[in-house]
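First comes the structure, then the notes that go with it.
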Amino acid sequence: MTDDAKSTSASPPDPSLGVLYHEIAVADARHITIVETIATRYGYNPSKGRSSGIGGSIRSLTEKVGEMGSSPLQRVEHDLSAKSSAIHWYTAWIQAFQAIGDAESARELAAVLIEEKSHQEALQEGLNRILVRASLGEG
537 MTDDAKSTSA SPPDPSLGVL YHEIAVADAR HITIVETIAT RYGYNPSKGR
587 SSGIGGSIRS LTEKVGEMGS SPLQRVEHDL SAKSSAIHWY TAWIQAFQAI
637 GDAESARELA AVLIEEKSHQ EALQEGLNRI LVRASLGEG
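Numbering (our numbering), first residue to last: 537 to 675.
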């Protein structure tokens, strides 16, 4: 992920995003250190042939703390990712419709966006509850 952000900061999809991608790359490096440090507290050892970085650390935490890699968590995580992607696109399309003077389409899509954000928040709360229960050994 960090390598992707570094690469993208050097050649961003739009020149105006260069600084943002650079900031993301710098933050990702910090995040990797923090997540690996936490995972190490729970027995993670990046030198034992596992993938390193945030993904390897999170997988290790998931395995260590219980059956958190089970299908309910995976489904909620997938749904959250899909909602996030949809929200990004709806937001961009709303701006595009406003820019071309299509207020009606922008307004209609804004109503969809509000509902999508509400669903995303509810899914996040659900993920939080599932993870807390699993971390406490409650299933």
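Where a beta carbon is used, it is the ideal one built from N, C-alpha and C, also for glycine.
Apart from sequence neighbours up to five positions away, the residues of its chain that approach S593 with a beta-carbon distance below 7 Å are V571, E572, A575, Y580, ordered along the chain.
Counting the other Cβ atoms within 10 Å of the Cβ of E559 gives fewer than 16, which makes it exposed.
Closest in C-alpha terms to A658, from the list S620, L553, L556, comes S620. Counting along the chain, the unbroken alpha helix (DSSP H) around N664 starts and ends at 639–671.
A distance below 8 Å separates the beta carbons of V612 and L663. In the structure shown, S583 falls within a coil segment according to DSSP collapsed to helix, strand and coil. By the criterion of a C-beta distance shorter than 7 Å, A642 is surrounded in its chain by I630, F633, Q634, once the five residues flanking it on both sides are discounted. With fewer than 16 neighbouring CB atoms inside 10 Å of its own CB, A546 falls in the exposed class. Straight through space, the alpha carbons of W625 and S654 are spaced by roughly 16 Å. For Y578, there is no enclosing alpha helix (DSSP H), as DSSP marks it with neither H nor E. DSSP places D564 in the helix class (H, G or I) of the three-state scheme.
By the Cβ neighbour-count rule, A628 is exposed, with fewer than 16 other Cβ atoms within 10 Å of its own.
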